[in-house]
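Chemist: Here this note's numbering is used: the first residue of the sequence shown is 4, the next is one more, and so on. Every residue gets a Cβ at the ideal spot worked out from N, C-alpha and C, and that includes glycine. These numbers were taken from a predicted model, which means no experiment stands behind them. One structure follows; several queries about it will come next.
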Amino acid sequence: MRVLLIEDEVHLREQIARQLKDNNLTVDAVADGEEGLYMATEYPYDVAIIDLGLPKLSGIEVIQQLREQGFDYPVLILTARGRWQDKVEGLESGADDYLVKPFELDELVVRIQALSRRRSGQVQLLRCGDLEMNLDTRVASRGGQTLKLSPTSWRLLEALLRASPAV
4 MRVLLIEDEV HLREQIARQL KDNNLTVDAV ADGEEGLYMA TEYPYDVAII DLGLPKLSGI
64 EVIQQLREQG FDYPVLILTA RGRWQDKVEG LESGADDYLV KPFELDELVV RIQALSRRRS
124 GQVQLLRCGD LEMNLDTRVA SRGGQTLKLS PTSWRLLEAL LRASPAV
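As structure tokens, then:
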């Protein structure tokens, strides 16, 4: 599973990334909203963890732009803002879960795994003829031959297979 972590606090970002890697997750960690939005739209992710108080572009803005651009992977907000109004705003912006700092790293890992499992009820293996795309392992193959795809090609192929046969 590939996770995008957008967190501006260096120590916390490193700690979370280390914990996720220890749990066999692939992690890309960035420190600001602008770079986070770029990563989120250019590379395939299974889950994104986004802080609200980010430099350059707020977490809410990142989430809203992702949803406006059609990215539907789960987003978990990670923030110190614990008022119910903040939670409502975060979830209304398009987030799927909300975790208030401080938190236990084990809880974060379990929440990420749960979000990934129930990702919109989507199937994890797409097929059309001898073309297969495994969303869990992130492997696409045709006639038993593994395909090497760029992130954009991956998203395009996934969209086409999901729409099949109405492409």
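Please classify R130: does DSSP put it in a helix, a strand, or coil?
Modeler: Strand.
Chemist: Quick check on the burial criterion: 16 or more other C-beta atoms within 10 angstroms. Buried or exposed for G36?
Modeler: G36 comes out buried.
Chemist: Determine the direct distance from the alpha carbon of E135 to that of Q127, and round the result to whole angstroms.
Modeler: Looking at the two C-alpha atoms, the distance is approximately 10 Å.
Chemist: Assign R141 to one of three DSSP states: helix, strand, or coil.
Modeler: Coil, per DSSP.
Chemist: Please give me, in chain order, every unbroken run of the alpha helix (DSSP H) with length at least 4 that falls completely inside the segment 40-107.
Modeler: If we require 4 residues or more, the alpha helix (DSSP H) runs fully inside the segment 40-107 come out as 62-71, 87-95.
Chemist: Could you tell me the alpha carbon to alpha carbon distance between A32 and R130, rounded to whole angstroms?
Modeler: Near 32 Å, if we compare the C-alpha coordinates of R130 and A32.
Chemist: Would you mind stating whether V78 and V50 have Cβ atoms separated by less than 9 Å?
Modeler: Cβ distance < 9 Å, so V78 and V50 count as in contact.
Chemist: DSSP three-state call for S123: helix, strand or coil?
Modeler: Since pLDDT at S123 reaches only 47, below the 50 mark, its modelled position is unreliable, and no value is offered.
Chemist: Taking C-alpha atoms, which residue in V6, D75, L152, E10 lies nearest to S61?
Modeler: For the residues V6, D75, L152, E10, the minimum Cα distance to S61 belongs to E10.
Chemist: So, for K59: in the same chain, excluding its five sequence neighbours on each side, which residues have a beta-carbon less than 6 Å away from its beta-carbon?
Modeler: Within the same chain, K59 has close Cβ partners D35, G36, E37.
Chemist: Is V3 near I115, with beta carbons less than 9 Å apart?
Modeler: Nothing about residue 3 can be reported from this structure: the residues present for the chain run from 4 to 170 only.
Chemist: What is the DSSP secondary structure of L23, reduced to helix, strand or coil?
Modeler: Note: L23 maps to helix in three-state DSSP.
Chemist: With a threshold of 8 Å (Cβ to nearest heavy atom), would M136 be considered close to the ligand ADP?
Modeler: Ligands displayed in this structure: none; no statement on the ligand ADP is therefore possible.
Chemist: Going by alpha carbons, who is nearest to G132 out of L8, Q18, Q67, S144?
Modeler: Here the closest residue by C-alpha is S144.
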